[in-house]
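Student:
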Amino acid sequence: MTEQTSGDRMSAVFYGAVTGQAVFGEGNTVIQTISLSKAEVTPDELAELRRMFAELRGRVEAEAPAEKKGDALQRVDELEQAVNDPKPKLSTMEYVRDWFVGNLPTLAGAVTGLVVNPIVGKLVEVAGDALAAEFRRRFFD
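For reference, each letter of the sequence shown is one residue, going 0 to 140 in numbering that gives the first Met the number 0.
1) Just how far apart, CA to CA, sit V40 and V75?
2) Leaving out the 5 sequence neighbours to the left and right, which residues in its chain are closer than 6 Å to L78 when beta-carbon positions are compared?
3) For A229, is the classification buried or exposed, using 16 other Cβ atoms within 10 angstroms of its Cβ as the cut-off for buried?
4) Using C-beta distances below 7 Å, list every residue in its chain close to E118, excluding the 5 sequence neighbours before and after it, in chain order.
5) If you count every other CB in all the chains shown that lies within 10 Å of the CB of E60, and 16 or more means buried, which is it?
6) Grab me the residues of P42's own chain with a C-beta within less than 6 Å of its C-beta, minus the 5 sequence neighbours each way, in chain order.
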C-alpha cells in the first residue's frame, strides 16, 4: 500500500488482491473507489519485444566468441520462449541471465536489461499476482 497526504485529503493505493475494508486517516472517513486494472500488452509492445530479441541475437552474433556463439544463441531462444509463455518461466529467465553472467559477461547487461524490461513485467503481470510478486523478488530485490 502507498499513502499520499495533501492538505486535508489522504489517499491510499493497494497493490495485489485486496478483500474487505481498509480504514485509515483522521476521522476514518471511507470513500472507496475500485478499479480493476489488469495489465495488457499491446501489439506494438510485442513487436518491440521481438525487436529487442532480434537486437540481442545480433549482438551475440557480432560479439560472442565462435566457441560460445551457438550456446549463447540457444540461451536467447530459451529466454524468448520463457518470456512469451502464457505463464512466463521465471526459472528459465534467471538461468539464462546467470549463464550470460558466467559465460559472456560483456553481454550479461543486455540480457538482464531485456529480462527486467517493463514489457516483460507486463507479460508476467498478466499471468497473475503471485507470479508478478515472484518476478519482483527474483529480479528486483
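The beta carbon of each residue, even a glycine, is placed where N, CA and C say it ideally should be.
Tutor: Walking through what the data contain:
1) 21 Å
2) V95
3) Nothing can be reported for residue 229, as the shown portion of the chain is limited to 0 through 140.
4) Checking the displayed sequence, the identity of residue 118 turns out to be Ile instead of Glu. Result list for I118: V40, E44, E47 and L48, in chain order.
5) exposed
6) none
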